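The structure appears right after this line, and notes come after that.
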Amino acid sequence: MLAEDFNLPKQTHDIFAVMARGNFISSNGSKDGMNRLYDIINNPENFERLQAYFNVIRYNIERGNNYFYFSKLHEPNSELEKKLERFERYIDIIDLFASMDNKITIGSRFRPSEIAEECNANVRLKQKLQKIPLYRSETLHNKVREICDLMSRDSYLELEDEKTESYKVLDAYTYLLDVINSIAIYEESDNSDANTINYN
Amino acid sequence: MALQVNVNDILTQLYSQRGVVEFLFANRENVTVNELLNRNDISQDQYQRLKSLDLVYEYESIVSLNDAVVAMFEDFMEIGEVTPGFINDYINELNRYIRFYQDAREMRFLRSIKKYLKRINGALTREIIKLQKNVDDTYKNESNYRIKLQKLEAYREKRDTIIDFIKKTSDVVEQTRALFSLTNDSELYGIVQSLKVSLIENLDYLIEIQTDITDFINKIQFQLDVYKKAQRLKEIKDHGTLHFKTGFKEVVNNVNTLKYNGHKTPKTKIAVDTLYTDDGHVLCKRIAEKYKLTRLMIRGIADKMSSNFKDKGLEQQIKLDTEKLVERFLTQKKNNLFEYLIEYKFPKAIGTVTFEERLSLFVEIAMEYQTKLDFKYRLNYFDYLDNEQKKKRLGYTLILPIEDKPKSKKEKV
Chain Z
1 MLAEDFNLPK
11 QTHDIFAVMA
21 RGNFISSNGS
31 KDGMNRLYDI
41 INNPENFERL
51 QAYFNVIRYN
61 IERGNNYFYF
71 SKLHEPNSEL
81 EKKLERFERY
91 IDIIDLFASM
101 DNKITIGSRF
111 RPSEIAEECN
121 ANVRLKQKLQ
131 KIPLYRSETL
141 HNKVREICDL
151 MSRDSYLELE
161 DEKTESYKVL
171 DAYTYLLDVI
181 NSIAIYEESD
191 NSDANTINYN
Chain F
201 MALQVNVNDI
211 LTQLYSQRGV
221 VEFLFANREN
231 VTVNELLNRN
241 DISQDQYQRL
251 KSLDLVYEYE
261 SIVSLNDAVV
271 AMFEDFMEIG
281 EVTPGFINDY
291 INELNRYIRF
301 YQDAREMRFL
311 RSIKKYLKRI
321 NGALTREIIK
331 LQKNVDDTYK
341 NESNYRIKLQ
351 KLEAYREKRD
361 TIIDFIKKTS
371 DVVEQTRALF
381 SLTNDSELYG
391 IVQSLKVSLI
401 ENLDYLIEIQ
411 TDITDFINKI
421 QFQLDVYKKA
431 QRLKEIKDHG
441 TLHFKTGFKE
451 VVNNVNTLKY
461 NGHKTPKTKI
471 AVDTLYTDDG
481 HVLCKRIAEK
491 YKLTRLMIRG
501 IADKMSSNFK
511 DKGLEQQIKL
521 DTEKLVERFL
531 TQKKNNLFEY
541 LIEYKFPKAI
551 GTVTFEERLS
561 LFVEIAMEYQ
571 TKLDFKYRLN
581 YFDYLDNEQK
591 KKRLGYTLIL
601 PIEDKPKSKK
611 EKV
């Protein structure tokens, strides 16, 4: 069987290149034609073909809210330690984002200096930022920068303008929120309503 | 407007400064005068002319296009803010003209009725498209979540307004059905029909937009709720009980993204054959320089082949043959060069050598081995049949191998 027989879109290679790295394709990303790739996958016909095609090599396209990513079929998940560590870090970061005056949500644009400035003015935020582990940078600004850099490497953010250093929050950010939302908090019954949040 | 203007002036100005107009339209909010004049496609004079026609405004050194021009572009491109209000004006106008027409059945009122019906139809569709675009854009690109929520709520209201207008319009159309059928005007009939169809269609779109808006608002609400939860989790984490009091471990364990499961980007080895190509050599060289390996640096890149390398190869082949050929020719005494070449039995590997080829070989040898040959400066003649089986005669110089006492043989066939 030839690759042409699948009748795949010609961007298949690009799609694979992004997603096989473990990155997300978000609908509001603009770098490297990401939104275009999103549209291609989002086309139901293409989606079925791509899914069938990637399934052959045991990749599965997972669909989220305005974003796509790969998972591996029939493969035990590994590296629990590392995963836990990473997600603990995400909780720190999202907690910081959540505590900002101007909350950072999907589609938000911000500059690291803005966050650093706000952290500087607010003791609580400052403490939060300083306590986020794994960063060697000393100044608040550099720390925020590193966080942004990390988040954009994980394709949750996008460096929209290098000159002004402005970042944009991509749709893939929902993924993190989804994960956090699915964590159940035991014991306290008064907080269980958080689990029944309704969204579609 | 300060000056008497006409359509031609405006169009000419807009056209001749189209680069600037485009630039201003794209950067509507923040172009300063200096920035604009620094562009090399507009001079001070040209800028003044635009200003004198009121096509651009200047306020505290910020330049902007005339609102009317911007609105025109936005209308055509179906972008910009949703402004359903003027549909109401159209409906009022329509009603007014219908009343006029009821009083006095005059064609001019009918024309206006048609005009407004068409306008309402177009405006409704355009506003709905704009609404759809703006809702989507607001959700995806508005950075401040509070503003985002407010904007979405505002769009919800606008949607309701548009629905009202659709109802009003269809009421008007219903009430005047009898009147319209009286006119017996087929064009009017067509307009009303298409209006009815698009009203129904537009209602469908609006319902869809409504679900979108609700969806987006829910999503934002969801994000805020998750933020609250993230803060609680952080609190629990700071108490060091994250792994025990929550389902954190289980949830993270089930995370199935590639990135968090230690999958690295698929890496492939370089094919050995690639290393033998020129690209591969460049690669090797770079690595060799990096690690100071001289072994890898020896082999150089082959020169670029000339486009006619194939022909050259052939020529060389024949040349190799000619050397031997000449040697053989020199050792014999029976024939002159021409005859020798014509009769020579070339090895089979070369294939059949045509008459023309033998002829060019003759010329080539004559030129290259001048010193070894004895030129007689006499003409001999050779008869042959050409491709069309016609008899032809060819004259050639008699050439013999150099001898102590050269003998010329004159032969005529």
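Same order as they appear, the protein sequences are chains Z and F. All residue numbers for the first sequence refer to our numbering, where the first residue is 1 and numbers rise by one. All residue numbers for the second sequence refer to our numbering, where the first residue is 201 and numbers rise by one. Positions of the beta carbon are idealized from the N, C-alpha and C atoms, including for glycine. Owing to the predicted nature of the structure, the values given are computational and were not obtained by experimental measurement.
Legend entry - Residues, ordered as in the chain, of the region 406-429 of chain F that lie near chain Z by beta-carbon distance below 8 Å: Taken in chain order, the members of the region 406-429 of chain F whose beta-carbon sits within less than 8 Å of a beta-carbon on chain Z are Asp415, Asn418, Lys419, Ile420, Gln421, Phe422, Gln423, Leu424, Asp425, Val426, Tyr427, Lys428 and Lys429.
Legend entry - Contacts that Ala98(Z) makes with chain F (C-beta to C-beta distance below 7 Å): Residue mapping note: residue 98(Z) aligns to position 98 of the first sequence, counting from 1. Against chain F, a Cβ distance below 7 Å from Ala98(Z) picks out Tyr427, Ala430 and Gln431.
Inset, instruction - Have a look at Asn240(F), Leu211(F) and Gly280(F) and flag the residue whose alpha-carbon is nearest the alpha-carbon of Asp254(F). - result: For the purposes of this step, residue 254(F) is taken as residue 54 along the second sequence, with counting starting at 1. Asp254(F) has its Cα closest to that of Leu211(F), out of Asn240(F), Leu211(F) and Gly280(F).
Inset, instruction - Compute the Euclidean distance between the alpha carbons of Glu117(Z) and His439(F), then round it to the nearest angstrom. - result: Numbered from its first residue, the first sequence carries residue 117(Z) at position 117. Numbered from its first residue, the second sequence carries residue 439(F) at position 239. Rounded to the nearest whole angstrom, the CA to CA distance from Glu117(Z) to His439(F) is 28 Å.
Inset, instruction - In angstroms with no decimal places, state the Cα-to-Cα distance between Ala202(F) and Gln213(F). - result: Residue numbering aside, residue 202(F) sits at position 2 when the second sequence is read from its first letter. Residue numbering aside, residue 213(F) sits at position 13 when the second sequence is read from its first letter. The pLDDT assigned to Ala202(F) is 48, lower than 50, so where the model puts this residue is not dependable; a value taken from the coordinates is nonetheless given after this. Taking the Cα positions, Ala202(F) is about 16 Å away from Gln213(F).
Legend entry - Nearest neighbour of Tyr581(F), chosen from Phe538(F), Glu274(F) and Val563(F) [CA to CA]: On the second sequence, position 381 is the one that residue 581(F) refers to. If we check each option's Cα against that of Tyr581(F), Phe538(F) comes out closest.
Legend entry - Complete runs of the alpha helix (DSSP H) confined to the region 346-412 of chain F [at least 4 residues]: With a minimum length of 4 residues, the continuous alpha helix (DSSP H) runs that stay inside the region 346-412 of chain F are 377-383.
Inset, instruction - Examine the Cβ distances between the region 383-398 of chain F and the region 61-73 of chain Z and report whether three or more of them are shorter than 8 Å. - result: No: fewer than three Cβ pairs fall under 8 Å.
Legend entry - Leu152(F) versus Asp583(F), Thr571(F), Glu523(F) and Gln532(F), residue with shortest Cα-Cα distance: Because chain F in this structure spans residues 201 to 613, residue 152(F) falls outside the shown range and cannot be described.
Inset, instruction - Please confirm whether Ala52(Z) and Tyr427(F) have their CB atoms less than 8 Å apart. - result: As a first step, residue 52(Z) must be located in the first sequence, where it is residue number 52. As a first step, residue 427(F) must be located in the second sequence, where it is residue number 227. No, they are not a contact pair.
Inset, instruction - Give the range of the beta strand (DSSP E) segment to which Ile599(F) is assigned. - result: Translated into the one-based positions of the second sequence, residue 599(F) becomes position 399. Where Ile599(F) is concerned, the enclosing beta strand (DSSP E) stretches over Lys591 to Pro601.
Inset, instruction - Ignoring anything shorter than 4 residues or poking outside the region 121-168 of chain Z, list the alpha helix (DSSP H) runs there in chain order. - result: Those alpha helix (DSSP H) runs which fall completely within the region 121-168 of chain Z and span 4+ residues are 123-131 and 140-153.
Legend entry - Touch test, the region 406-420 of chain F against the region 332-339 of chain F, Cβ-Cβ under 8 Å, three pairs minimum: Yes, the region 406-420 of chain F touches the region 332-339 of chain F.
Inset, instruction - Could you list which residues in chain Z have their beta carbon closer than 7 Å to that of Glu342(F), in chain order? - result: As a first step, residue 342(F) must be located in the second sequence, where it is residue number 142. When 7 Å is used as the limit between beta carbons, Glu342(F) is near these residues of chain Z: Gly107, in chain order.
Inset, instruction - Return yes when the Cβ of Asp371(F) is within less than 8 Å of the Cβ of Leu310(F), no when it is not. - result: The sequence position of residue 310(F) within the second sequence is 110, counting from 1. The sequence position of residue 371(F) within the second sequence is 171, counting from 1. By the CB criterion at 8 Å, Leu310(F) and Asp371(F) fall outside the cutoff.
Inset, instruction - Can you tell me which of Gln431(F), Asp404(F) and Pro284(F) puts its alpha carbon nearest to the alpha carbon of Phe365(F)? - result: Within the second sequence, residue 365(F) is the residue found at index 165, counting from 1. Of Gln431(F), Asp404(F) and Pro284(F), the residue nearest in Cα terms is Pro284(F).
Legend entry - the region 471-489 of chain F touching the region 99-117 of chain Z, judged by at least three CB pairs closer than 8 Å: No contact exists between the region 471-489 of chain F and the region 99-117 of chain Z.
Inset, instruction - Look up Ile312(F) in the DSSP assignment and say whether it is helix, strand or coil. - result: Along the second sequence, read from residue 1 onward, the residue named residue 312(F) stands at position 112. It is worth fixing the name first, because residue 312(F) is Ser in this sequence and not Ile. Ser312(F): helix per DSSP, three-state reduction.
Inset, instruction - Please name the residue, chosen from Arg432(F), Ser252(F), Arg346(F) and Tyr596(F), that lies closest to Ile185(Z) on a Cα-to-Cα basis. - result: Numbered from its first residue, the first sequence carries residue 185(Z) at position 185. With distances taken between Cα atoms, Ile185(Z) lies closest to Arg432(F).
Legend entry - Exposure label - Pro133(Z); buried when at least 16 CB within 10 Å: Here residue 133(Z) corresponds to residue number 133 of the first sequence, with the count starting at 1. When all chains shown are included, Pro133(Z) counts as exposed.
Legend entry - Length of the line joining the Cα atoms of Arg124(Z) and Asp101(Z): As a first step, residue 124(Z) is located in the first sequence; it is residue number 124 there, counting from the start. As a first step, residue 101(Z) is located in the first sequence; it is residue number 101 there, counting from the start. Rounded to the nearest angstrom, the two C-alpha atoms are 12 Å apart.
Inset, instruction - Could you run through the region 169-184 of chain Z and flag, in chain order, every residue whose CB is less than 7 Å away from some CB of chain F? - result: Close to chain F, meaning a Cβ-Cβ distance shorter than 7 Å, are the following residues of the region 169-184 of chain Z: Leu177, Val179, Ile180, Asn181, Ser182, Ile183 and Ala184.
Legend entry - Closer than 8 Å to chain Z by CB, Asn456(F): The count along the second sequence starts at 1 and reaches residue 456(F) at position 256. The C-beta of Asn456(F) comes closer than 8 Å to at least one C-beta of chain Z.
Inset, instruction - Please list, in chain order, all residues of the same chain as Cys148(Z) whose beta carbon is under 7 Å from its beta carbon, the five residues on each side excluded. - result: Your numbering for residue 148(Z) matches position 148 in the first sequence. Correct list, in chain order: Pro112, Leu157 and Tyr167.
Inset, instruction - Could you please tell me which residues of the region 318-338 of chain F, in chain order, have their CB closer than 7 Å to any CB of chain Z? - result: The residues in question: there are none.
Inset, instruction - Identify the contact partners of Asp161(Z) in chain F, using a Cβ-Cβ distance below 8 Å as the criterion. - result: Against the first sequence, residue 161(Z) aligns to sequence position 161. Within 8 Å Cβ-Cβ: nothing; Asp161(Z) doesn't reach chain F, min ~13 Å.
Legend entry - Collapsed DSSP secondary structure at Val613(F) in the structure displayed: Counted from its first residue, the second sequence places residue 613(F) at position 413. Confidence is the limiting factor: at Val613(F) the pLDDT is only 40, short of 50, which leaves the residue's position unreliable, though a coordinate-based value still follows. Three-state DSSP puts Val613(F) in coil, outside helix and strand.
Legend entry - Distance CB(Asn42(Z))-CB(Ser155(Z)) smaller than 8 Å: Stepping through the first sequence from its first residue, residue 42(Z) is reached at position 42. Stepping through the first sequence from its first residue, residue 155(Z) is reached at position 155. Contact check for Asn42(Z) against Ser155(Z) fails: the beta carbons are separated by 8 Å or more.
Legend entry - Per-residue burial, Gly595(F) [other beta carbons within 10 Å of its own, 16 or more giving buried]: Position 395 of the second sequence, counting from 1, holds the residue named residue 595(F). Exposed, because fewer than 16 other Cβ atoms sit within 10 Å of the Cβ of Gly595(F).
Legend entry - Near-chain F residues of the region 139-157 of chain Z - C-beta to any C-beta below 8 Å: Against chain F - using a Cβ distance shorter than 8 Å - the residues of the region 139-157 of chain Z are Asp154.
Inset, instruction - Determine the chain F residues that contact Tyr38(Z) at a beta-carbon separation under 9 Å, and present them in chain order. - result: Position 38 of the first sequence, counted from the first residue, corresponds to residue 38(Z). Within 9 Å Cβ-Cβ: nothing; Tyr38(Z) doesn't reach chain F, min ~11 Å.
Inset, instruction - Would you tell me roughly how many angstroms separate the C-alpha atoms of Met307(F) and Tyr389(F), rounded to the nearest one? - result: Taking the second sequence and counting its residues from 1, the one referred to as residue 307(F) is at position 107. Taking the second sequence and counting its residues from 1, the one referred to as residue 389(F) is at position 189. Their backbone Cα atoms lie some 15 Å apart in a straight line.
Legend entry - Lys358(F) versus Glu222(F) - alpha carbon distance: Counted from its first residue, the second sequence places residue 358(F) at position 158. Counted from its first residue, the second sequence places residue 222(F) at position 22. The straight-line gap from Cα to Cα measures roughly 30 Å.
Inset, instruction - Below 8 Å on the Cβ atoms is my guess for Leu600(F) versus Asp574(F); work out the distance and round it to an integer in Å. - result: As a first step, residue 600(F) must be located in the second sequence, where it is residue number 400. As a first step, residue 574(F) must be located in the second sequence, where it is residue number 374. The pair is a contact, with the Cβ atoms about 5 Å apart (cut-off 8 Å).
Inset, instruction - Identify whether Ser109(Z) lies in helix, strand or coil by the three-state DSSP scheme. - result: Numbered from its first residue, the first sequence carries residue 109(Z) at position 109. It should be pointed out that residue 109(Z) corresponds to Arg in this sequence rather than to Ser. If DSSP states are grouped into helix, strand and coil, Arg109(Z) belongs with the strands.
Legend entry - Residue environment, Lys257(F), which counts as buried when at least 16 other CB atoms sit within 10 Å: By 1-based counting over the second sequence, the position of residue 257(F) is 57. Checking the sequence shown, residue 257(F) turns out to be Tyr, not Lys. Counting C-beta atoms within 10 angstroms of its own C-beta, Tyr257(F) has fewer than 16 neighbours from the protein chains shown and is therefore classed as exposed.
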